[in-house]
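Structure, as structure tokens:
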Amino acid sequence: MTSTSSHFLVRDHMERDGYAKITDFGISKEGMSFSDRSQTQCGTLPFMAPELFTQYPYTRSVDWWGLGVCIYLMRLSELPFTGNDPDEIISNIVYGEPIYPPSLSPEISNIITQLLTKASYRRLGSGINGAEDVKKSDFFEGLDWEALQKKEVPPPFVPKIEVPETCTEGFALEPPQMTLQLLNETKMALKELDYPVCSESSETET
Numbered sequence: 001m002t003s004t005s006s007h008f009l010v011r012d013h014m015e016r017d018g019y020a021k022i023t024d025f026g027i028s029k030e031g032m033s034f035s036d037r038s039q040t041q042c043g044t045l046p047f048m049a050p051e052l053f054t055q056y057p058y059t060r061s062v063d064w065w066g067l068g069v070c071i072y073l074m075r076l077s078e079l080p081f082t083g084n085d086p087d088e089i090i091s092n093i094v095y096g097e098p099i100y101p102p103s104l105s106p107e108i109s110n111i112i113t114q115l116l117t118k119a120s121y122r123r124l125g126s127g128i129n130g131a132e133d134v135k136k137s138d139f140f141e142g143l144d145w146e147a148l149q150k151k152e153v154p155p156p157f158v159p160k161i162e163v164p165e166t167c168t169e170g171f172a173l174e175p176p177q178m179t180l181q182l183l184n185e186t187k188m189a190l191k192e193l194d195y196p197v198c199s200e201s202s203e204t205e206t
């Protein structure tokens with residue numbers, strides 16, 4: 001999710017302790033303001049926006065698509081776009097439409113529809129106001145955002161996590177020892193490698 005104050009394009013989400021938190025900045029991109037573009041193809045496949053599968057630059061609105069997938073998943077316990085293999089999933093993301101069962105309230109259906117808009121420039125949150133436009137959705141009506149940021153709003157669900165008396169069980173206290181010695185040629189080759197920063201796939205940033 002894009003941080004409108006820090007201009008981070010995060011592209012990954014996680015939940016914990018009843019509050020949604022941004023945790024993994026490994027594939028984030030710094031400096032993504034309203035007018036900025038990126039071309040790196042990365043993310044977790046079922047959450048990736050359609051424009052990520054094109055050769056054209058995309059905007060920070062890809063994160064609002066991801067939020068739409070998250071809301072759909074949390075409400076219906078299934079992903080809006082699935083398939084038997086990656087190609088089918090991508091095809092459904094680009095060309096398919098999610099199923100909205102009658103059990104969904106109009107507020108939920110509307111925000112999901114607005115966030116999962118194929119045309120990125122029409123997607124909720126894609127404008128210059130970013131998150132402020134999303135906050136105005138009927139889905140968030142009555143929510144005190146300042147209190148939420150201070151964690152003064154009780155979460156609707158708090159997972160029960162049982163922590164054992166000791167967290168060191170199953171871990172060796174001694175530092176690991178490398179039993180296999182690498183050849184000098186292998187060591188030199190490994191030094192030349194770049195570690196990937198994107199999940200699923202990555203391309204050179206242009």
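Going by the UniProt record's numbering, the first residue of the sequence shown is number 1, and it counts up by one from there. Built from N, CA and C at the ideal position, the CB exists for glycine as well. Only a predicted model underlies this, so the values are computations on that prediction, with no experimental measurement involved.
Simplified DSSP assignment, three categories, for K135: helix
Closer than 8 Å by C-beta to F53: which residues in its own chain qualify, once you throw out the five before and the five after it? Chain order, please. Q41, I90, I93, V94
What do you get for K29, buried or exposed, if any count of 16 or more other CB atoms within 10 angstroms of its CB means buried? buried
Cross-strand partners of S103 (DSSP beta bridge): S103 pairs with nothing; no bridge assigned.
Beta-carbon gap between F47 and G66 smaller than 8 Å: Cβ distance < 8 Å, so F47 and G66 count as in contact.
Since L115 and R122 are thought to touch, with beta carbons under 8 Å apart, how far apart are those beta carbons, to the nearest angstrom? Contact doesn't hold; Cβ gap of about 11 Å is too wide.
Looking at the unbroken alpha helix (DSSP H) that takes in Y95, where does it start and where does it end? 86–95
C-beta atoms of E51 and S120 nearer than 8 Å: yes
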